[in-house]
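From first to last, the protein sequence lines stand for chains A and B. When you number the first sequence by the numbering used here, it's gap-free, plus one each residue, and the end is 434. When you number the second sequence by the numbering used here, it's gap-free, plus one each residue, and the end is 434. Note that CB positions come from ideal geometry on N, CA and C, so glycine has one too.
2 protein chains.
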Amino acid sequence: MSMTTREECQRRDAADPLARVRDYFLLPEGIIYLLGNSLGPLSIPSAQRVKHALDVEWGEQLLRSWPDGWWDLPVALGRRLARLIGARPEEVLVTDSTSVDIFKLVVAAARLRPNRRVIVTYENNFPTDLYILDEAAALTGLEVRRAKDRGALIEALDESVALIELTHVDYRTAEMAPMVEITKAAHDAGALVIWDLAHSIGAVPVDLSAADADFAVGCTYKYLNGGPGAPAFVFAAARLHDELHQPLTGWHGHARPFGFEPTYEPASGIRRFSTGSPPILSYAALDGALDVFEAVDLGALFEKSRTLSQLLIDRLEPLFSSGRLELGSPRDVMVRGSHIALRHANAGAIVAQLEAQGVLTDFRDPDYIRLGLAPLFVRYADVFDAADAITKIVGAA
Amino acid sequence: MSMTTREECQRRDAADPLARVRDYFLLPEGIIYLLGNSLGPLSIPSAQRVKHALDVEWGEQLLRSWPDGWWDLPVALGRRLARLIGARPEEVLVTDSTSVDIFKLVVAAARLRPNRRVIVTYENNFPTDLYILDEAAALTGLEVRRAKDRGALIEALDESVALIELTHVDYRTAEMAPMVEITKAAHDAGALVIWDLAHSIGAVPVDLSAADADFAVGCTYKYLNGGPGAPAFVFAAARLHDELHQPLTGWHGHARPFGFEPTYEPASGIRRFSTGSPPILSYAALDGALDVFEAVDLGALFEKSRTLSQLLIDRLEPLFSSGRLELGSPRDVMVRGSHIALRHANAGAIVAQLEAQGVLTDFRDPDYIRLGLAPLFVRYADVFDAADAITKIVGAA
């Protein structure tokens, strides 16, 4: 089905089996929301789930809700996330923030390679990953090497390397790192890998089991629509669980938390990554948001993500070929995440002009316009309209 | 006003200037809720605030809410908490969980005393404090000494001691540690102190400034009624801010988080204790819960706490004097927190029998019954009735 006119895009929307999923979302009228890669919108199940947690679980059931649901929520939510990233249900836990979880994983992973002193990452990794790596390395006596690109990363792999930490989909360009290839190269060199899936989960295919991945981490407030500051998740391969010793040893990760024992003993399995009391209302929002995914065929979802981003590129091709706008994302759809980066010297002003027209995008230093194409609720006609608005603004400049 | 009959207690309730505050709370009918020291109940402002954050801030305003309120919420909530603990508004930040925050503070404090290698605590400290201390010490090359009592603690203070970490009000016995005295002894020995205020804030007087305290931490889901797993807070004295280097260096604690710079530089002031994205819905619940405190005279509140616990002890005196029940809390009201611990060989069964009669308390190993007397909503008549129920159960046993 070609999409060279707005009518064709609308026909494609009408035929889209995912179109009805958009009805779950409480999006404001009159805007095209291309920020689902930054803050996913509120959904009806999420709103209902929070209100239930508030009024019934907290308001009426009070402390009984801890044994009757809350205590297991970090594990239960992990189970629900697992299928989105090709993990086993017992390999994922929802806990803390991405930054805190990277710290836990880096220290736990480094302890599995006590005779190796190097962590390798990309120099253009997301800043919080870089900051936490530096600090975790300083505390554990490791050294971080920031590789310029994939070639440099692979070249850096020798017997001094304990682990690699990488973001799977780049937050600026949406370029996707080759998970299978890098994981294999790391394992061949005796190293472990931590994948940051913040810009991947819920939008692009991830198969941690097929990649034989060791560890992963990610947030749930982007494509999962878990709410502002929704809790993050950790993945650790089950084959490693018994050996893992993470450093934030709070009582929620104890084998017998209500034994109030004087010495820490980690819970079995993934629960040992728990630390303190989870902020339940925010967990409830994520729980509701995941209901939306239950109704969705993941293959169709990821296919729609690719078709949306390809449509945007196709519509902007005249601007690219005339040099008035630069595509900041890969042309190869198979190594591209679910947002598109455009580069322009006046990127900030363009984002502001788009917003004035109801097309919500964002700006990232130095010259990036990011358009998040969340396949659960962005329509083909939205992409057509957004491209039209960009063409008018950039063409007129 | 004596309270030897239920009628006298009811008259005292009728004359209580704090009585109307109870109307803010959505407590279930027919129960006496003595678990406010564990999970504070839902209040009307809290419910309203969460629904506003959900429907308006997230649902309608979406990403604009980050610059327009959410980004500053951890600092704004810290400002609101400050007066409850005698801190300056710029000295408190709401962030993460108590366990995570203890880790941050221990490492940051230890870095201020690089030539000292010992952390001192009580052996009966809350388990999560002990677990985190052990782990933070292991990572930073320190050693933890667990003192048996105050004498042993003071005796342990020599020039090897970097810091003391203590819980202000003991989670089992409600015994209150002498903050001024211990802080002074620590300072005289060149050491720093971290106070865990989990069982103090909102229920007993705390004056961190008067005590010249260095650091504090605590949760907000007990007497502050911030909701299940509500975020914790950190206090650091302003005189130390510029030197503090905490180890969970996520992008929310960066001086210019939206600069996305490759190197971490801490934000000025208390904000440097931020790490990742805060779970906003749970922050909103706390924000609403603090509205209740705005209407309250803190002196009257803390006085009511002491009167409630003294009433309970007075009513149970016949059981104590006949040896059928043991008081597990201090008799001296000035060194007692806002819960009362009772000890009995059949404590677990007594808690269950009380619950069957609608009197909600909890059990802690090995033989403690804890009764939380949250002065915002517990009535004198409730204490009378609870004492009556205990007397009948224990007397009949």
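R154(B), DSSP secondary structure in three states
In the structure shown, R154(B) falls within a coil segment according to DSSP collapsed to helix, strand and coil.
N152(B) classed as buried or exposed, judged by whether at least 16 other C-beta atoms fall within 10 angstroms
Residue environment for N152(B): exposed (fewer than 16 other C-beta atoms within 10 angstroms of its C-beta).
Extent of the continuous beta strand (DSSP E) to which L408(B) belongs
For L408(B), the enclosing beta strand (DSSP E) begins and ends at 405-409.
Can you tell which of E45(B), I68(B), A51(B) has its C-alpha closest to the C-alpha of A393(B)?
Its Cα nearest to that of A393(B), the residue I68(B) stands out among E45(B), I68(B), A51(B).
List, in order along the chain, the chain A residues whose C-beta lies closer than 8 Å to that of G106(B)?
Listed by position along chain A, the residues whose Cβ is nearer than 8 Å to that of G106(B) form an empty set, because the closest Cβ is around 10 Å away.
Given that a residue counts as buried once 16 or more other Cβ atoms are within 10 Å of its Cβ, and exposed if not, what is D251(A)?
Its Cβ being crowded by 16 or more others within 10 Å, D251(A) is buried.
Burial state of T41(A), where buried means 16 or more other Cβ atoms lie within 10 Å:
Looking at its Cβ environment, which holds fewer than 16 other Cβ atoms inside 10 Å, T41(A) is exposed.
Starting from the C-beta of A247(A), find all residues in its chain whose C-beta is less than 8 Å away, skip the five residues before and the five after it, and write them out in chain order.
Within the same chain, A247(A) has close Cβ partners G123, V217.
Which residues, in chain order, does the stretch 76-93 of chain A contribute to contact with chain B at a C-beta distance below 9 Å?
Taking 9 Å as the Cβ-Cβ cut-off against chain B, the residues of the stretch 76-93 of chain A that qualify are L76, P78, L79, S83, A84, V87, K88, A90, L91, D92.
With a threshold of 8 Å, are at least 3 pairs of Cβ atoms found where one atom belongs to the stretch 346-354 of chain A and the other to the stretch 162-177 of chain B?
They do not touch, by the three-pair rule.
Going by DSSP, what residues sit across from L364(A) in a beta bridge?
Answer is L379(A).
Range of the contiguous beta strand (DSSP E) that encloses T132(A)
No beta strand (DSSP E) contains T132(A), which DSSP labels as neither H nor E.
For L237(B), name the three-state secondary structure that DSSP assigns.
The question names Leu, but residue 237(B) is Ser in the sequence shown. If DSSP states are grouped into helix, strand and coil, S237(B) belongs with coil.
Give the secondary structure of R182(A) by DSSP, where H, G and I count as helix, E and B as strand, and everything else as coil.
In the structure shown, R182(A) sits in a strand (DSSP, three-state: E or B).
Nonlocal neighbours in the same chain, by C-beta distance under 7 Å from R401(B), ignoring five residues either side:
For R401(B), where only same-chain residues beyond five positions count, the Cβ hits under 7 Å are R209, R407.
So, does the CB of E298(B) fall closer than 8 Å to a CB anywhere in chain A?
Interface criterion met: the Cβ of E298(B) is under 8 Å from a Cβ in chain A.
Can you check whether the C-beta of E134(A) is within less than 8 Å of a C-beta belonging to chain B?
The amino acid at residue 134(A) is misidentified as Glu; the sequence shows Ser. So yes, S134(A) belongs to the interface.
From G306(A) to L142(A), what does the alpha carbon distance come to, in whole angstroms?
So the two alpha carbons sit approximately 14 Å from each other.
So, is the C-beta of G255(B) closer than 8 Å to a C-beta in chain A?
No, its Cβ sits nowhere closer than 8 Å to a Cβ of chain A.
CA-to-CA distance, L281(A) to D60(A), given in whole angstroms
When rounded, the distance between both Cα atoms is 42 Å.
Note down, in chain order, each residue of its chain lying with its Cβ closer than 7 Å to the Cβ of S510(B), except the 5 sequence neighbours on either side.
Nothing about residue 510(B) can be read from this structure; chain B reaches only from 38 to 434.
Three-state secondary structure (DSSP) of E342(A)
Note that residue 342(A) is Ser in the sequence shown here, rather than Glu. In the structure shown, S342(A) adopts helical secondary structure according to DSSP, grouped into three states.
Against chain B, does V271(A) count as a neighbour if the rule is that its beta carbon must be under 8 Å from one of theirs?
It does not; no Cβ of chain B falls within 8 Å.
Name the DSSP beta bridge partners of H291(B), please?
BP columns for H291(B) point to P303(B).
Scan the stretch 319-339 of chain A for residues whose Cβ lies nearer than 7 Å to a Cβ of chain D and list them as they occur along the chain.
Absence of chain D from the displayed structure is noted, the protein chains being A and B.
Taking the straight line between their C-alpha atoms, what separation do you get for A389(B) and P284(A)?
About 37 Å.
Beta-carbon proximity list for R212(A), same chain, < 8 Å, skipping 5 on both sides:
The residue asked about is misnamed: residue 212(A) is Glu in this sequence, not Arg. Only V206, S366, P367, V372, R373, G374 meet the Cβ criterion.
Is there contact here, the stretch 78-94 of chain B with the stretch 309-326 of chain B, by at least three beta-carbon pairs under 8 Å?
Taking 8 Å as the limit for Cβ pairs, the verdict is that the stretch 309-326 of chain B does touch the stretch 78-94 of chain B.
From I191(B) to E363(B), what does the alpha carbon distance come to, in whole angstroms?
Distance between I191(B) and E363(B), taken at the CA atoms: about 29 Å.
Give me the Cα-Cα distance between A267(B) and G77(A), rounded to the nearest whole angstrom.
Taken atom to atom, the span from the alpha-carbon of A267(B) to that of G77(A) is near 22 Å.
In the DSSP output, which residue or residues are listed as bridge partners for E202(B)?
Looking at the DSSP assignment, E202(B) forms a beta bridge with I231(B).
Roughly how many angstroms separate the alpha carbons of V198(B) and L179(B), rounded to a whole number?
For V198(B) and L179(B), the distance between alpha carbons rounds to 10 Å.
I need the DSSP call for G264(B), collapsed to helix, strand or coil.
Of the three classes helix, strand and coil, the one that applies to G264(B) here is coil, per DSSP.
Check whether the Cβ of F140(A) lies closer than 8 Å to any Cβ atom in chain B.
Under the Cβ criterion of 8 Å, F140(A) is counted among the residues facing chain B.
So is D399(A) buried or exposed if we call it buried at 16+ other beta carbons inside 10 Å?
Label assigned to D399(A): buried.
How is the alpha helix (DSSP H) around A253(B) delimited, first residue to last?
According to the DSSP assignment, A253(B) belongs to no alpha helix (DSSP H) but to the beta strand (DSSP E) extending over 252-255.
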